[in-house]
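Using my numbering, the first residue of the sequence shown is number 763, and each one after it goes up by one.
Every residue, glycine too, gets a C-beta built ideally from N, C-alpha and C.
As the structure is a computational prediction, the values presented were derived from the model and not from experiment.
First the structure, in the form of structure tokens, and then the observations on it.
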Amino acid sequence: MLVLERKVDQRIRIGNDVELVIIKTSRGAVKIGIAAPDEVKIVRGELVKESEYEHENAA
């Protein structure tokens, strides 16, 4: 895992098509903007785990 420290308005590039921008930090939380092509699925981690759990139990 790559761990980076960024400040507000600094950016992180992932490949050629995905860019993360640090929008705001406050009280231990970070607001991140994500720019990516429409075909790149972006989902919060806790929602992925939830949907995988529901899919497994639906069978």
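Simplified DSSP state of residue i, which is helix, strand or coil
i	result
L809	helix
G795	strand
G802	As written in the sequence, residue 802 is Val, which differs from the Gly given in the question. Coil.
L764	coil
K786	strand
Length of the line joining the Cα atoms of residue i and residue j
i	j	result
K793	E801	23 Å
G777	S788	28 Å
V770	A798	19 Å
L809	E767	25 Å
I774	L782	5 Å
K786	K811	26 Å
Anticipated Cβ contact below 8 Å, residue i with residue j, distance rounded
i	j	result
I784	I796	Contact flag wrong, Cβ pair sits at about 11 Å.
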